[in-house]
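K.L.:
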Amino acid sequence: MDVTFTQCRAAARAARGAEDGRRAIRVARPRSVHGLGSSRAPLALMLYVAATEGRLVWRNPASFALLERPAAIESPIGKGLRRRLLRIVDRRWDLLVFAVPPVLLLLAAVVAGLLARLPLTAVLLATGAAAYAVVFMAAQMLTQLAWVRRVLGLRQRSPDEIAEETLPGSNWSVPLLHHEAADDIRPLVQEIDQRLSRLVRADLRVRGELTDRDVQEIPVRELLIFLPRGATTQDARQAMSAIMAAPFGPGSRVLLRAPANQVAKVRQPVREGGGFFFFYAGACAVVLTICAYLVSMWEAERCLSGATCAGRPDTFGSAAHWLAWRLFFQDPAGISADAPQSLVIGWLTSVVGLVSVPVLVMSCRLAITAQRTATAFATEYLEGVMDTTRLLLITVTTEERDAVLAAVAAITGTSPERSFEQNHVIYDLGVAGGTRIGLVRCPSQGATGPGGAIMTTTEVIRRWRPDFVVMAGICYGLRDDWRTPQQIGDVIVSTAVFDLDRKAIFDGENGEVRQEIDGDRASAPSILVGRLDAASIDWNAARVYFGLMLCSGTLVDSKVYRDELRANHRKAVGGDMEGHGVYAAAAEARVPWIIVKGISDLGADRSGLVDRGLAARNAADFVAHAVKLGAFADKG
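According to numbering that gives the first Met the number 0, the sequence shown is numbered sequentially starting from 0.
1) Within 10 angstroms of the Cβ of Pro357, are there 16 or more other Cβ atoms? Answer buried if so, exposed if not.
2) Quick check: what's the CA-CA separation for Pro174 versus Leu342?
3) Quick one: measure Cβ to Cβ for Gly602 and Gly476, integer angstroms, because I've assumed they're closer than 8 Å.
4) Which partner residues does Glu511 have in the DSSP bridge list?
5) Is it buried or exposed for Ile637, if we count other Cβ within 10 angstroms and need 16 for buried?
6) May I have the straight-line CA-CA distance separating Cys283 from Leu226, to the nearest angstrom?
7) What are the start and end residues of the beta strand (DSSP E) that includes Leu547?
8) Alpha carbon to alpha carbon, how far is Asp19 from Val285?
9) Can you tell which of Glu416, Phe631 and Thr434 has its C-alpha closest to the C-alpha of Ile242?
10) Identify every residue that forms a DSSP beta bridge with Gly472.
11) For Gly13 and Ala180, what's the separation of their Cα atoms in angstroms?
12) DSSP on Ser62, reduced to helix/strand/coil?
13) Does the Cβ-Cβ distance between Val439 and Val459 come in under 7 Å?
14) Using 8 Å as the Cβ pair cut-off and three pairs as the minimum, do the segment 37-55 and the segment 197-205 touch?
15) On a CA-only basis, which of Arg236, Val595 and Cys363 is nearest Met625? Give me that one, please.
16) Have a look at Thr388 and Arg90 and give me their C-alpha separation to the nearest angstrom.
17) Quick one: measure Cβ to Cβ for Leu105 and Ala137, integer angstroms, because I've assumed they're closer than 8 Å.
18) Which residues bound the alpha helix (DSSP H) around Trp463?
19) Where does His649 fall in DSSP's three states?
20) On the three-state DSSP scale, how would you describe Arg482?
21) Could you give the DSSP three-state label for Phe631: helix, strand or coil?
22) Which residue's Cα is closest to the Cα of Ala332: Ala338, Pro312 and Trp346?
23) Go through its chain and collect everything with a Cβ distance to Leu42's Cβ below 6 Å, but skip five positions before and after it.
24) In terms of residue numbering, what span does the alpha helix (DSSP H) encompassing Gly573 cover?
25) Assuming Leu124 and Ala107 make a contact with CB atoms under 8 Å, what is their CB distance in whole Å?
26) In chain order, what residues of the same chain lie with their CB nearer than 6 Å to the CB of Ala319, ignoring the 5 residues before and after it?
27) So, under 8 Å CB-CB, Ala130 and Leu176 are touching, yes? Tell me the CB distance rounded to an integer number of Å.
28) Report yes if the CB atom of Val528 is closer than 7 Å to the CB atom of Gly546, and no otherwise.
29) List the whole-angstrom C-beta distance separating Leu392 from Val622, where the pair is believed to meet the contact cut-off of C-beta under 8 Å.
30) Taking the Cβ atom as the reference point for each residue, do Ile425 and Ser414 lie within a distance shorter than 7 Å?
31) Looking at the unbroken alpha helix (DSSP H) that takes in Ile536, where does it start and where does it end?
32) Just to confirm, is the Cβ distance from Val490 to Asn617 under 7 Å?
33) Which partner residues of Asp498 appear in the DSSP bridge assignment?
34) Using CA coordinates, which residue listed in Gln189, Leu203 and Ala280 is at the minimum distance from Met239?
35) Can you tell me whether DSSP reads His423 as helix, strand or coil?
36) Rounded to a whole number of angstroms, what is the C-alpha to C-alpha distance between Arg565 and Gly472?
Put into structure tokens, the structure is as follows:
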């Protein structure tokens, strides 16, 4: 829906009236370089411009969020002069506040002096313009001195202070969030995620870097930064802290929301352009322009009083030429001032030229220092924070899915976030043990078919790009050992899988039908077998068996067939219906895989001794235990 300016005004009033509204607005509208006023337009206009660019995530005036692009990514300029002007007003508000009033005063002075023949009024207007510029220059100097003290001060800034200052400039961010309702804030957060994806894809489409079809397929890997001080209410701030990652612990000044798709590289901060010096130089140019006008008037009056005009800066051009040379403590050849006021202005101009040298040096040094600090932070800290491995858990039944959700929530302390990716739903379960955990449920049992393990695993690996794949769920037990009999709820970890579905059928010598199994026998990657073996040492909820897993699309509920499997595959410890499908898809994508399943039955009499819930819970709990230990934190 299109958001009107009236609605934006109502939203701005609601934000200002919130308990922490004014502080939150200051986060979205930081102070300008000159320190007088904000660097962005008034909030209502700022929200309206964001709405026209699609950056305003809007539900109603009581629930909205403002998205900001990274500084390195320019917003595609839409059609229409009005939209362009609004964007300039919003982005260049501090420059307009600094430049427009003195320019208008100068124009009024020109009109008063040349057209209306009011020299005194013209002088007063020009003096007012100069005073306005001088006030801004002084304020800018004080602001920069405060910044120097903060950057080079004795107190070492904490990582989260550096993050709050630097990360929003190099990443998509939410500097302002207003949510008054008592209902869950998650729908608003989901809309923020969806809007971010649409904006990133729209930018690519507008720039012509990808076709429409490719744009829809490309995964979005943008890190989202939320500034807690940008929340207008305490409840909203606490709710966002519960949803997003706090890299610096409770009370962190920044919250991170990693995308569902893997972040390959952290965007480096935008290079500092030394904006302070350019504002200083601009202010000096305005003041010198005004002074040139005044000097020309004073020298012209001096000529009228009888003094010679030869070699005097009695025109605006000659006065500007003379002042430019005075910056270097010299008079240009053939031009010198005679009026006392002009001489004072000339010496003050020389002082400005002298001061400009250390200002330039200090501005460059501060810009270099700030850039090095931001770059070092992004390189050494943020990349470490984001360098989490990605573990994809695959389940089939609802019991398996719910067991994984409960087990992982117990170690992450967060609720799952659902991402609807074409034919599949990917659950982002959060981060634990240095690993981001994702979950997908196969719509149907077995390895083959549209919703089977092969197609589901293949598609989700392509979209989510995990570092490890683990299938967690239930299976039947096969071990026949009176010394350590398998129990319902025991856990099986596959050291290898054997595909029973691929077989050759032929007639025997006596006319009987014979079959020979010709399926793959694949060993699970040793890196995962070893790590899960280590994790089993201090997990005592149930016995953990490591061994061969038989895989077939056949549901086994036959004592005769089970005993046949035991006889033909004496080293097998269990069997399931999907393990060979996960292996095939993961091996094709070169992603380490393993099967972890709880024993729900013994392959016969399924109407009797069966406990799918216990089996699913134990398998999920064991995987969560391994995650918590950091078993998946290193790619190896």
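From the three backbone atoms N, C-alpha and C, an ideal C-beta is built for every residue, glycine too. If you're wondering where the values come from, they're calculated on a predicted model, not measured in any experiment.
P.N.:
From the atom records:
1) By the 10 Å Cβ count, Pro357 comes out exposed.
2) When rounded, the distance between both Cα atoms is 50 Å.
3) That pair is a contact at about 7 Å.
4) None, per the DSSP bridge assignment.
5) Only positions 0 to 635 of the chain appear in the structure, and residue 637 is not among them; the question remains open.
6) Taking the CA atoms as reference points, Cys283 sits about 36 Å from Leu226.
7) Val543 to Cys550
8) If you take the alpha carbons of Asp19 and Val285, they lie about 38 Å apart.
9) Glu416
10) Lys596
11) The sequence given here has Ala at residue 13, not Gly. Rounded to the nearest angstrom, the two C-alpha atoms are 12 Å apart.
12) Note: Ser62 maps to strand in three-state DSSP.
13) Closer than 7 Å, so yes.
14) yes
15) The displayed chain sequence assigns Ala, not Met, to residue 625. Ala625 has its Cα closest to that of Val595, out of Arg236, Val595 and Cys363.
16) Between the C-alpha atoms of Thr388 and Arg90 there is a straight-line separation of about 38 Å.
17) Rounded, the Cβ-Cβ distance is 20 Å, inconsistent with contact.
18) Ala452 to Trp463
19) The structure shown does not extend to residue 649, since the chain is modelled only from 0 through 635, so no value can be given for it.
20) coil
21) coil
22) Pro312
23) Ala11 and Ile24
24) Segment Ala571 to Asp575 is the beta strand (DSSP E) holding Gly573; no alpha helix (DSSP H) there.
25) 5 Å
26) Ala291
27) Actually they do not touch by this definition, with Cβ atoms about 40 Å apart.
28) no
29) The pair is a contact, with the Cβ atoms about 7 Å apart (cut-off 8 Å).
30) no
31) That residue, Ile536, is in no alpha helix (DSSP H); it is neither H nor E in DSSP.
32) yes
33) Cys550
34) Gln189
35) strand
36) Those two C-alpha atoms are separated by around 22 Å.
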